[in-house]
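Chains as they are written, first to last, in the numbering used here: chain A, 21 to 309; chain B, 15 to 310.
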Amino acid sequence: MSWLTDAFSGSFAQRALLEAVMVGVLCGVVGVHVLLRRLPFLTLALGHATFPGVVLAALAGVNLLLGAGVFGVLVVVAVALLGAGDRIDETSAIGVVLAGTFALGVLLLSAQAGFTRDLSAYLVGSIVTVQLGDLYITAVTGVVVLVALALLHKELVLGAFDRDGLAALGYPGVALDLVMLLLIEAVVVTSVPAVGTILSVALIAAPAATARLWTDRLGVTMALAAVLGAASGAIGLALSRHWNVAAGATIVLVASAMFAVSVVVAPRHGAVRELLVRRRAGRGASLAA
Amino acid sequence: MTRLLIEPFQVGFMQRALLAVLLLGVLAGAVGVFVVLRRLAFVGDALTHTVFPGVVIAFLAGQSIFLGALAAGLASALLLTVLTANRRVTADAALAILLTSFFAVGVVLVSRLQSYTADLSAFLFGRVLAVDPSELAQTGLVAAVVLATLVVLRKELLLRAFDPDGAAAMGYRVDLLDLVLNVLIALVVVAAVKAVGTVLVIALIVVPAATARLLTDRVASMVALACGLGALGGWLGLAVSYDVSIQRGVRLASGATIVVILVGFFVVALATGPARRALARRRDSVGVRSPRGGAR
Chain A
21 MSWLTDAFSG
31 SFAQRALLEA
41 VMVGVLCGVV
51 GVHVLLRRLP
61 FLTLALGHAT
71 FPGVVLAALA
81 GVNLLLGAGV
91 FGVLVVVAVA
101 LLGAGDRIDE
111 TSAIGVVLAG
121 TFALGVLLLS
131 AQAGFTRDLS
141 AYLVGSIVTV
151 QLGDLYITAV
161 TGVVVLVALA
171 LLHKELVLGA
181 FDRDGLAALG
191 YPGVALDLVM
201 LLLIEAVVVT
211 SVPAVGTILS
221 VALIAAPAAT
231 ARLWTDRLGV
241 TMALAAVLGA
251 ASGAIGLALS
261 RHWNVAAGAT
271 IVLVASAMFA
281 VSVVVAPRHG
291 AVRELLVRRR
301 AGRGASLAA
Chain B
15 MTRLLIEPFQ
25 VGFMQRALLA
35 VLLLGVLAGA
45 VGVFVVLRRL
55 AFVGDALTHT
65 VFPGVVIAFL
75 AGQSIFLGAL
85 AAGLASALLL
95 TVLTANRRVT
105 ADAALAILLT
115 SFFAVGVVLV
125 SRLQSYTADL
135 SAFLFGRVLA
145 VDPSELAQTG
155 LVAAVVLATL
165 VVLRKELLLR
175 AFDPDGAAAM
185 GYRVDLLDLV
195 LNVLIALVVV
205 AAVKAVGTVL
215 VIALIVVPAA
225 TARLLTDRVA
235 SMVALACGLG
245 ALGGWLGLAV
255 SYDVSIQRGV
265 RLASGATIVV
275 ILVGFFVVAL
285 ATGPARRALA
295 RRRDSVGVRS
305 PRGGAR
């Protein structure tokens, strides 16, 4: 296990570890909501859409996360408006918005040849260069998002499963949807510096999908997803230092590996179990016959 | 106008680039109609990302990028089918995980190279101005295969899009038709990878088709419009990025310029929609029974 402890000596490595673990927990918990509401594609679009925001913010000399956040809100509004019309379905609307915003980012970047900050690092993340200020932002966002999720837990879950029921009980359904989208966006924007615009959705979808394979209870799913997200962050970071490869991508691969293993061996919903159940059912049928 | 639209294409590499984007515009437009009708934009986007590691592995191994992309595209189409067989895993979660993990494999491999960021951006965004004749021939070949398949299977694919139960009841293999469409999308990505890169292909597929959907209710005109808009956007995008680079000294990535122009078409179609519909309604009420009456 020495590769694990060796990887985190030195203050920048400890900062990176702290960031990876915090982002992992945050993405894991929010990911359960994203999967419940079938929002992975919108989350992916949010990640892509932060790119032009980051480039513009760098040009204007303001905080990059601010630019990313503003563009994320624009995407949510654009998708909501386009999807509300009857001619374009929501998936195509997301596709158009995703492609358009990302191309805008590339265009802006290409016009800035010899740019001082290497913004292409934003595409795949650069957790190793994370600063103390980034850590504070992640921590504050994390606390706000987790508290909001805890306070609104019942309403958000009900809204995901039964929108009509939520409306019948007198809750403001649209406002709650909006709150959920803003929380997801906050998590995407804070995780982008660590794992990048394209890969941030992985840390949201993979731990949550893995947790769902192991348990049927929502509270347990969230706790498990948080642990798996944090573990993906720490193990992925250590492996990337060990093999000297891109950190964000390695974190994603660890999270996907956990998912791949769980799809096969998970006790309740894994492929092995389903095979056994089917064979037992087959034997029972042949005995009955 | 001549200076903008014709003059740039007197040089050899610009002619090849123009031919490539025209081919890709028509190809992606035609496939895109089915992607939009079937609401497969997410699947299309996932396939564009999963082709990426194939490109990188082929590049590292010194093999044809075309073959690498093809292998990765087929492998991901297969894995997607296997993953969604587990009822506990929804299709969108499987797509997100597959997309990002394939993409991450590509990033990890590229990050081992010395020229990390330069290579990465070439793979992601393409180099349309560096397309050589043999790549053009490959693109042409793929376009011929894909368009021929679409023509032969158009009835079956449309039936599958609008009435999957009906198609199954009539004895068509719906899962096989789905696999065919996924492979066609992967082929478009493979054909476009060198010119516009893995990330922007999805724009060529989805945006012209969505624009055409805004403009017409008939599938045949939708296909024609999507192909036309895709090709026109490619031509304009190349011309504008060349003109701005040469005349104004501002470098604009050609692939991204094409996409921004395509999105511009979409926005115009969207903004003029209410006006066009009002006009059509007025025409309908003036001519008592116009042929398009009751369309909407």
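Glycine residues also receive a C-beta, built at the ideal position from the N, C-alpha and C atoms.
This one's a predicted model, so the numbers in the text were calculated from it and none came from an experiment.
Check: Beta carbon proximity, S235(B) to chain A, threshold 8 Å; Outcome: no
Check: Q132(A) (DSSP reduced to helix, strand or coil); Outcome: coil
Check: Min CB distance S115(B) to chain A below 8 Å; Outcome: yes
Check: Coarse secondary structure for R329(B), derived from DSSP in three states; Outcome: Coverage of chain B is limited to positions 15 through 310, which leaves residue 329(B) absent and any answer about it impossible.
Check: Closer than 8 Å at the beta carbon, the chain A residues around S148(B); Outcome: Ordered by position in chain A, no residue passes the 8 Å Cβ test against S148(B), which lies about 27 Å from the chain.
Check: Same chain only: Cβ atoms within 7 Å of V49(A), ignoring 5 sequence neighbours per side; Outcome: L166, L169, M242, A245, A246
Check: Interface flag, V273(B) vs chain A, CB-CB below 8 Å; Outcome: yes
Check: Cβ neighbours of R306(B) in the same chain (closer than 6 Å, five flanking residues each side left out); Outcome: Residue placement at R306(B) is flagged as unreliable, the pLDDT there being 49, under the threshold of 50; a coordinate-derived value is accordingly withheld.
Check: Under 8 Å between C-beta atoms of V65(B) and G87(B); Outcome: yes
Check: Beta carbon proximity, F135(A) to chain B, threshold 8 Å; Outcome: Note on F135(A): pLDDT 49, under 50, position unreliable in the model; the coordinate value appears next. For F135(A), the answer is no, since every Cβ of chain B falls outside 8 Å of its Cβ.
Check: 8 Å Cβ cutoff, L266(B) in contact with chain A; Outcome: yes
Check: Alpha-carbon to alpha-carbon, L176(A) and L201(A); Outcome: 11 Å
Check: Boundaries of the alpha helix (DSSP H) in which E21(B) is found, first to last residue; Outcome: Unbroken run through E21(B): none, as it is neither H nor E.
Check: Residue range of the alpha helix (DSSP H) that includes S115(B); Outcome: 105 to 124
Check: Minimum Cβ-Cβ distance from L53(A) to chain B less than 8 Å; Outcome: Leu is not the amino acid found at residue 53(A); the sequence shown has His there. With 8 Å as the cut-off, H53(A) does not count as an interface residue toward chain B.
Check: CA nearest to the CA of L214(B), picked from A40(A), V126(A), A280(A); Outcome: V126(A)
Check: Cβ contact check for the region 78 to 86 of chain B and the region 101 to 113 of chain B: 3 or more pairs under 8 Å; Outcome: no
Check: Interfacial residues, the region 58 to 91 of chain A to chain B, with Cβ spacing under 7 Å; Outcome: R58, P60, F61, L64
Check: Inter-stretch contact at 8 Å, needing at least 3 Cβ pairs: the region 226 to 237 of chain A / the region 105 to 118 of chain A; Outcome: no
Check: Helix, strand or coil at D192(B) [DSSP, three-state]; Outcome: helix
Check: is_contact[D109(A), chain B] using C-beta, thresh 8 Å; Outcome: yes
Check: Secondary structure, alpha helix (DSSP H): runs of 4+ residues fully inside the region 69 to 123 of chain A; Outcome: 84 to 104
Check: Selected residue, minimal CA-CA separation from V25(B), among R296(B), Y256(B), R265(B), T271(B); Outcome: Y256(B)
Check: Chain-ordered neighbours of F280(B) on chain A, where CB pairs are closer than 7 Å; Outcome: V116
Check: Three or more C-beta pairs below 8 Å linking the region 27 to 42 of chain B and the region 142 to 159 of chain B; Outcome: yes
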